[in-house]
Amino acid sequence: MSIDYGDWTVRVDSVGGDVAPYLIDESSNSVSGQVLVLVHGFKNSRRDAWDRYEEFLDQVLKYAGGIPGELSIRGFTWPGDANFGPVSFAGFLSYPVEVRDARMSARRLAYHLATLTGPEGRPVEISLLGHSLGCRLILEALANLVGQDKDRQRDGDEDGPRVPVNTIFIRIVGLMAAAVPVVLVEEGGRLEEPSRIAGKRLVFHSSMDQVLRFAFPAGQILSHQIRLEDQPYLNAVGLYGEPVGFGEGRESLYPNSHGDYWGDYRIASRIANEFGAAVIRELKHRETETYQIPEMPELVGRNIGGRDISGDEFR
């Protein structure tokens with residue numbers, strides 16, 4: 198099989214900035230019949246996002262040899278970071294605005310996915326893997342895909358793209374350290390029903406995540422105070438993997454901290470396995486996990502941050 202990497206963005210600046218009116222496809226190739234979209238989280242510049250995606254690609258290439266056919270991976274970048282210059286700690290104060298930007302970015306991503314076609318105009322099988330606030334973005338995109346978008350006026354995004362309700366196949370949604378309020382994905386929650394359009398929902402979480410334990414509630418309180426959220430929503434999905442009934446695959450990645458997910462081999466191997474790779478996992482003794490590593494796949498058209506990297510680098 199082969200993996201093709203490309204970039205999708207709704208950024209207008211490399212750091213901070215507004216959400217672009219529409220998604221910009223910067224890929225050199227059109228997508229194959231299988232697409233995996235990577236979505237970064239809060240306080241990531243475009244350069245930061247590229248670095249995180251490269252960590253994931255370095256890991257997934259080790260386990261992807263058994264995936265049948267071709268897989269297109271697209272790194273999606275969005276302005277989840279405010280540019281405060283040298284006052285880096287003030288970035289926390291931008292969290293409520295980034296919740297709004299996540300919802301706006303979700304509309305653009307959903308519109309692009311709804312109009313995406315594969316080779317010879319055939320339907321595309323889409324999977325999404327997100328981290329932190331990027332998980333909220335993914336779930337909001339799914340809500341848009343099923344015609345549920347109640348926050349357009351609140352976000353000041355009345356002129357944003359109107360997502361056509363098309364038949365679309367979402368294969369996998371993977372949520373890493375999800376900065377998503379638990380109440381929104383509980384039974385009857387606003388984002389729970391839209392998430393069910395995914396064939397499988399994977400939740401990767403860690404009780405050692407201090408960002409979700411302390412910073413997330415503070416940011417959500419601010420979001421509620423300026424009326425960008427209906428309630429404070431203090432508990433995050435990515436801390437304990439709650440609610441218990443949400444998702445078809447839940448995995449504790451203890452002792453991961455908030456930033457330890459993109460390069461975690463357990464996630465890369467699980468994603469490769471979901472796409473059909475022959476990965477043997479020994480879960481009872483994680484410190485001595487063993488893997489059968491298939492033949493290295495060919496990497497086509499990988500371009501991250503202006504660098505072309507061929508599959509030969511990883512052989």
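With the working numbering applied, the sequence shown covers 198 to 512.
Glycine residues also receive a C-beta, built at the ideal position from the N, C-alpha and C atoms.
Contiguous alpha helix (DSSP H) elements confined to the region 350–438 occur at 379–382, 389–392, 413–422, 434–437, taking only those with 4 or more residues. In the structure shown, the three-state DSSP call for Q345 is coil. Between A375 and V434, the gap from beta carbon to beta carbon is short of 7 Å.
In the three-state DSSP reduction, Y219 falls in the strand class (E or B). Counting of Cβ neighbours within 10 angstroms places P265 among the exposed residues, the total staying below 16. L268 sits in a strand when the DSSP states are folded into three classes. In the DSSP assignment, S466 falls within the unbroken alpha helix (DSSP H) covering 462–471. Here G371 has L326, L399 as same chain residues with Cβ atoms under 6 Å from its own Cβ, once five neighbours each way along the sequence are excluded. The bridge partners DSSP lists for I323 are V232, I367. For a cut-off of 8 Å, the C-beta gap from L342 to V360 is around 6 Å, short enough to register as a contact. Checking the DSSP bridge columns, you'll see E448 partnered with F401. Contact between the region 209–227 and the region 304–318 is established, with three or more Cβ pairs separated by less than 8 Å. Taking a C-beta distance under 7 Å as the contact criterion, A475 and G263 qualify as a contact pair.
Our two residues, V257 and D210, have alpha carbons roughly 29 Å apart in a direct line. Per DSSP, W247 is one residue of the alpha helix (DSSP H) stretching across 243–260. The closest CA to that of Y250, considering only G473, I365, D457, is found on D457. The region 399–409 makes contact with the region 450–464, as at least three CB pairs between them are under 8 Å.
With respect to the 7 Å criterion, G331 and A279 are not classified as neighbours on the basis of their beta carbons.
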